[in-house]
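**Q**
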Amino acid sequence: MPMKASFCLSPRYRLDDESPWLEGIDPSRHYWIKVNGDNNLTITIPGLLVASMDEMKQAMKEFRLLEPGEQMTLERVASTCQIHCISSNCYAIEAEIDNAPVWHLFDQETLDSLLMSAHPDWQCAPSGIELGRKLLLRSLEQATAIKG
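Throughout, the numbering used here is defined as the position within the sequence shown, counted from one, plus 16.
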């Protein structure tokens, strides 16, 4: 009987994937991803957050000009996100699952679409608002655990 791993070291996501991997994007532009389409293993990746259209245009230009071996950092108040250009149509975002480093792989179209949610006029779906609440509750629980 073959063994089943609890996670893959390099899950890859495309907009046309058969398995639904994107649970949603919350109002603070966190990407909620079901690792390998697994409903029991969802992570949040901090996405691009900008203060102006000019800042967004600059970030999108920087992303689109990445060459293999280069990386860009999405700076957030409480976290950062590293995007690595692996090849002309393959990008990796670093994350950690079960204390193990994982690179989530995306094609350019998919990652470009996620980053476009930084547009100042973008509004998340109603389900994204619920995801934002979930993230806020998670943060409050961690703060309470640290104090206690």
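Even for Gly, the Cβ is constructed at its ideal location relative to N, Cα and C.
Which of the three DSSP states, helix, strand or coil, is assigned to valine 51?
**A** Counted from its first residue, the sequence shown places residue 51 at position 35. Reduced to three states, the DSSP call for valine 51 is helix.
**Q** Beta-carbon separation of isoleucine 61 and cysteine 140 under 7 Å?
**A** Counting from one through the sequence shown, the residue named residue 61 turns up at place 45. Counting from one through the sequence shown, the residue named residue 140 turns up at place 124. Not closer than 7 Å, so no.
**Q** On a Cα-Cα basis, can you pick out the residue from Thr58, Gly53, Phe79 that is closest to alanine 174?
**A** Past the edges of the chain, shown from 17 to 164, lies residue 174, and the structure says nothing about it.
**Q** Taking one C-beta from the region 99-111 and one from the region 134-150 each time, how about it: are there three or more such pairs within less than 8 Å?
**A** Contact between the region 99-111 and the region 134-150 is absent, because fewer than three Cβ pairs lie under 8 Å.
**Q** Let me check one thing: in DSSP terms, what residues is leucine 90 bridge-paired to?
**A** For the purposes of this step, residue 90 is identified with residue 74 of the sequence shown, where counting begins at 1. DSSP lists Cys97 as partners of leucine 90.
**Q** Suppose contacts are defined by Cβ-Cβ distances below 7 Å. Is leucine 121 in contact with alanine 134 by that definition?
**A** Numbered from 1 along the sequence shown, position 105 holds the residue referred to as residue 121. Numbered from 1 along the sequence shown, position 118 holds the residue referred to as residue 134. No, these two residues do not count as a Cβ contact at 7 Å.
**Q** Considering just the uninterrupted stretch of the beta strand (DSSP E) at leucine 38, what are its terminal residues?
**A** For the purposes of this step, residue 38 is taken as the residue at position 22 of the sequence shown. Leucine 38 -> beta strand (DSSP E) spans 38-41.
**Q** Find the nearest neighbour of asparagine 165 within the set Thr89, Glu83, Met88, Trp119, judged by alpha-carbon distance.
**A** Since the first residue of the chain shown is 17 and the last is 164, residue 165 is not available in this structure.
**Q** Run through DSSP, which three-state label would arginine 28 get?
**A** Counting from one through the sequence shown, the residue named residue 28 turns up at place 12. In the structure shown, arginine 28 sits in a strand (DSSP, three-state: E or B).
**Q** Would you kindly check if the distance between the Cβ of tryptophan 37 and the Cβ of tyrosine 29 is under 7 Å?
**A** Residue numbering aside, residue 29 sits at position 13 when the sequence shown is read from its first letter. Residue numbering aside, residue 37 sits at position 21 when the sequence shown is read from its first letter. Contact flag set, yes.
**Q** Pick out the complete beta strand (DSSP E) segments inside the region 113-147, 3 residues or longer, and give them in chain order.
**A** Segments of the beta strand (DSSP E) lying fully in the region 113-147: 116-122.
**Q** Between the C-alpha atoms of serine 129 and aspartate 137, what's the straight-line distance to the nearest angstrom?
**A** Along the sequence shown, read from residue 1 onward, the residue named residue 129 stands at position 113. Along the sequence shown, read from residue 1 onward, the residue named residue 137 stands at position 121. Distance between the alpha carbons of serine 129 and aspartate 137 is about 15 Å.
**Q** If you measure between the beta carbons of leucine 31 and threonine 89, is that distance less than 7 Å?
**A** Taking the sequence shown and counting its residues from 1, the one referred to as residue 31 is at position 15. Taking the sequence shown and counting its residues from 1, the one referred to as residue 89 is at position 73. For leucine 31 and threonine 89, no; Cβs fall outside 7 Å.
**Q** Go ahead and pull the three-state DSSP assignment for glutamate 78.
**A** As a first step, residue 78 is located in the sequence shown; it is residue number 62 there, counting from the start. Here glutamate 78 sits in helix by DSSP.
**Q** Quick one: what's got a C-beta closer than 7 Å to leucine 64's C-beta in the same chain, skipping five residues either side?
**A** Position 48 of the sequence shown, counted from the start, is the residue given in the question as residue 64. For leucine 64, where only same-chain residues beyond five positions count, the Cβ hits under 7 Å are Arg45, Ala75, Leu90, Leu131, Ala134.
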